[in-house]
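Chemist:
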Amino acid sequence: MEASLFSILYPLTTSILLIFLITKLLFPKNSSAKYKLPPGPWKLPIIGSMHHLMGDHPHLRMRSLAKKYGPIFHLKLGEVDLMVVTSPQLAAESMKTHDVNFAARPQFLSRKMILYNSDLVFASYGKHWSQLRKICTLELFSNKRVKFLKSIMEEEGHNLVEKIRLADGSPVNVTEMLFAVANTTITRAAFGKEFAHQERFLSTIKETFKYLSGFNVADLFPSLNFLGDISGLKSKLDRVHRVLDVILNEIFQEHERKNANQDRSTDEEDIVDILLRLHKDGGKDVPITMESVKGVILDLFLGGTETTAATMDWAMAELIRHPEVMHKAQLEVRRAMNGRAKITEDDINNLPYLNMVIKETLRLRTPAPFLVPRHSTETVELGGYTIPAGSRMVINVWAIMREQNGWDDAEIFLPERFENNQFEFIGTNYQYIPFGGGRRVCPGINYAMSSMENVLANLLYHFDWKLPGRQNPRELEMKEVSGLSLTRKSDLFLIATPHN
Numbered sequence: 054m055e056a057s058l059f060s061i062l063y064p065l066t067t068s069i070l071l072i073f074l075i076t077k078l079l080f081p082k083n084s085s086a087k088y089k090l091p092p093g094p095w096k097l098p099i100i101g102s103m104h105h106l107m108g109d110h111p112h113l114r115m116r117s118l119a120k121k122y123g124p125i126f127h128l129k130l131g132e133v134d135l136m137v138v139t140s141p142q143l144a145a146e147s148m149k150t151h152d153v154n155f156a157a158r159p160q161f162l163s164r165k166m167i168l169y170n171s172d173l174v175f176a177s178y179g180k181h182w183s184q185l186r187k188i189c190t191l192e193l194f195s196n197k198r199v200k201f202l203k204s205i206m207e208e209e210g211h212n213l214v215e216k217i218r219l220a221d222g223s224p225v226n227v228t229e230m231l232f233a234v235a236n237t238t239i240t241r242a243a244f245g246k247e248f249a250h251q252e253r254f255l256s257t258i259k260e261t262f263k264y265l266s267g268f269n270v271a272d273l274f275p276s277l278n279f280l281g282d283i284s285g286l287k288s289k290l291d292r293v294h295r296v297l298d299v300i301l302n303e304i305f306q307e308h309e310r311k312n313a314n315q316d317r318s319t320d321e322e323d324i325v326d327i328l329l330r331l332h333k334d335g336g337k338d339v340p341i342t343m344e345s346v347k348g349v350i351l352d353l354f355l356g357g358t359e360t361t362a363a364t365m366d367w368a369m370a371e372l373i374r375h376p377e378v379m380h381k382a383q384l385e386v387r388r389a390m391n392g393r394a395k396i397t398e399d400d401i402n403n404l405p406y407l408n409m410v411i412k413e414t415l416r417l418r419t420p421a422p423f424l425v426p427r428h429s430t431e432t433v434e435l436g437g438y439t440i441p442a443g444s445r446m447v448i449n450v451w452a453i454m455r456e457q458n459g460w461d462d463a464e465i466f467l468p469e470r471f472e473n474n475q476f477e478f479i480g481t482n483y484q485y486i487p488f489g490g491g492r493r494v495c496p497g498i499n500y501a502m503s504s505m506e507n508v509l510a511n512l513l514y515h516f517d518w519k520l521p522g523r524q525n526p527r528e529l530e531m532k533e534v535s536g537l538s539l540t541r542k543s544d545l546f547l548i549a550t551p552h553n
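Here our numbering = 1-based position in the sequence shown + 53.
1. Under 8 Å by Cβ, that's how I've got residue 545 and residue 370 pegged, so tell me the actual separation to the nearest angstrom.
2. Between which two residues does the beta strand (DSSP E) harbouring residue 439 extend?
3. Just reading off the beta strand (DSSP E) that residue 517 is part of, what are its end residues?
4. Can you tell me whether residue 88 is buried or exposed? The criterion is at least 16 other CB atoms within 10 Å of its CB, across all chains shown.
5. Given 8 Å as the limit, is there contact between the stretch 395-413 and the stretch 463-473, that is, 3 or more CB pairs closer than that?
6. For residue 516 and residue 375, what's the separation of their Cα atoms in angstroms?
7. Please name the residue or residues paired with residue 551 in a DSSP beta bridge.
8. Please report how far the alpha carbon of residue 303 lies from the alpha carbon of residue 185, in whole angstroms.
9. If we require 3 or more residues per run, which beta strand (DSSP E) segments fall completely within the stretch 121-179?
10. If you follow the beta strand (DSSP E) that residue 252 is in, where does it begin and where does it stop?
11. What are the boundary residues of the alpha helix (DSSP H) that residue 237 is part of?
12. Taking only the alpha-carbon atoms, compute the straight-line gap between residue 526 and residue 508 and give it to the nearest angstrom.
13. With a 10 Å radius around its C-beta and 16 neighbouring C-beta atoms as the bar for buried, classify residue 539 as buried or exposed.
14. Here's a check: name, in chain order, each residue in its chain whose Cβ is nearer than 8 Å to the Cβ of residue 226, leaving out the five neighbours to either side.
15. Near residue 593, what residues of its chain come up, given a Cβ to Cβ distance below 7 Å and the 5 sequence neighbours on each side ignored?
16. Name the residue from 366, 192 and 121 whose alpha carbon lies nearest to the alpha carbon of residue 410.
17. Do residue 305 and residue 329 have their C-beta atoms within less than 8 Å of each other?
18. Taking DSSP's pairing of strands, which residues face residue 211 in a bridge?
19. Within a Cβ cutoff of 6 Å, which residues of the same chain sit near residue 416, ignoring the five residues on either side of it in sequence?
20. Do you know how far the Cα of residue 448 is from the Cα of residue 91?
21. Can you list, in chain order, the residues of its chain with a C-beta nearer than 8 Å to that of residue 173? Leave out the 5 residues immediately preceding and following it.
22. Of all the alpha helix (DSSP H) runs that stay within the bounds of the stretch 280-317, which reach a length of 4 or more residues?
23. How big is the Cα-Cα spacing for residue 209 and residue 414?
24. Just curious, the alpha helix (DSSP H) that residue 369 is in, first and last residue?
25. Helix, strand or coil, according to DSSP, for residue 535 in the structure here?
26. Quick check on residue 84: buried or exposed, where buried means 16 or more other Cβ atoms within 10 Å of its Cβ?
27. How many Å lie between residue 19 and residue 314 at the Cα?
28. How should residue 402 be labelled, buried or exposed, when 16 other C-beta atoms within 10 angstroms of its C-beta is the threshold for buried?
29. In terms of residue numbering, what span does the beta strand (DSSP E) encompassing residue 446 cover?
30. Considering only C-alpha positions, which residue in the set 308, 206 and 443 is nearest to residue 556?
31. Alpha carbon to alpha carbon, what distance is there between residue 281 and residue 272?
32. Taking the DSSP output, what are the residues bridged to residue 554?
33. So, residue 143 versus residue 436, is the Cβ gap smaller than 8 Å?
34. List the endpoints of the continuous beta strand (DSSP E) containing residue 435.
35. Look at residue 484 and residue 111 and say whether their C-beta atoms are less than 8 Å apart.
36. From the DSSP output, which residues share a beta bridge with residue 105?
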């Protein structure tokens, strides 16, 4: 009986949905005909341009489309108008000239449900965003706070070295170790220590990566609210959200009990302590809700673990492929250390070539090929075309940072290219924007750079590295996998020989 009823209702429901979609999308209320939109590829009913993104990584497909249609082109993804920017000039125009207009974010179902609709990265531009941004800049990632966090980085760098020593000449999974140290460092920075449910928390965070990356049908048809239900996405997001919420509540309760029984200076606070204190004090203009506290904490893990670890992993792979660069970086670190056992903050500040290695890795192997999508609040002109209000925009920084007109030997790993120029991470030169630019530039740049410099300096100082067996370094596989970050497809296994 139940099977028979299902066999009737399922095709009936599907047919009704299909008719609804066709009617809505073949006869839309479309005012874009009066605009001079950027050019773009041909479209199909309902799905629009989605088929043009099939068969390869999105950043590669979009670079190919840019070569055909120009530095800004238009894609129709379901109901969504997406403008894709692939030149530094138009990136500057959008994030500098029209910064306020493009400071808004599109609203995604996954963000609303997992990140409490109250985080910083995806927050709508306004007072709430300004308040959270100020907290991150002045409290969580100020120079003073990062200096305090460097003691954690130094300890974790030392722990990593000791784990590698235990391998005693056997191949070590460098990729796995780099992701582990990135997770442990941010965990200690956020919570003060490792905790009981850490493994479950981190595995759930990893699961959220796939929901926050890529295209979800519910986000491409925002007027059809029921798609999140019938696709099963809402139930998956709700399950992940509940797991994270329970763990975060336990962590917060433990911090409140601990802080009630002892007096601590603000210098000794971890990130949860700071956010709970600000929540208790209340905001001057906008109150800091518990949802905001949780959203910011999740931002730290989603934005500060995989991207950092992936960058270090790409850096080690490129160093293996370029032994002359590896030797030069090792020589710099070892001269600066002069035989001392542990690397400190002062040592890191005297390693300009290592800084160039990281800069070049972020250029050639950026873990974030697109900046977080933006939303046009008003109709504006960009590159001679009209961008209607409500359009979404992404900037293909992967393509920009490999642009042949802007970089000599753009496809070659060459840290020396940064030796005599002033490229910085703060997003003022739009030819080089691995951390974004404008009002939405990443507030955690100092933390990310310090963390990567510390780990890589330890690896280069304490060990000599080579591939197992007779593998040719130049033939090391460098295939990539797209997700929330762009990571290496294969784990990097290396043999570490302790350096005397």
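Cβ coordinates follow ideal geometry from the N, Cα and C atoms, glycine included.
Modeler: Put simply:
1. 6 Å
2. 438-440
3. 516-519
4. exposed
5. yes
6. 16 Å
7. 516
8. 23 Å
9. 125-130 and 133-138
10. Here residue 252 belongs to no beta strand (DSSP E); instead the alpha helix (DSSP H) covers 251-265.
11. 227-244
12. 22 Å
13. buried
14. 544, 545 and 546
15. With the chain covering 54 to 553 only, the question about residue 593 has no answer from this structure.
16. 366
17. yes
18. Answer is none; residue 211 lacks a bridge partner.
19. 454
20. 14 Å
21. 182, 185, 186, 189, 348, 349, 352 and 496
22. 280-283 and 286-313
23. 22 Å
24. 359-374
25. strand
26. Because the pLDDT of residue 84 is 49, which lies under 50, any placement of that residue in the model is unreliable, and the number read from its coordinates should be weighed accordingly. With fewer than 16 other Cβ atoms within 10 Å, it is exposed.
27. Since the first and last residues shown for the chain are 54 and 553, residue 19 lies out of range.
28. exposed
29. 445-448
30. An answer regarding residue 556 cannot be provided, because it is not within the stretch 54 to 553 covered by the chain.
31. 9 Å
32. Not covered by the structure: residue 554. The range shown for the chain is 54 to 553.
33. yes
34. 433-435
35. no
36. DSSP, once it has assigned bridges, lists no residue as partnering residue 105.
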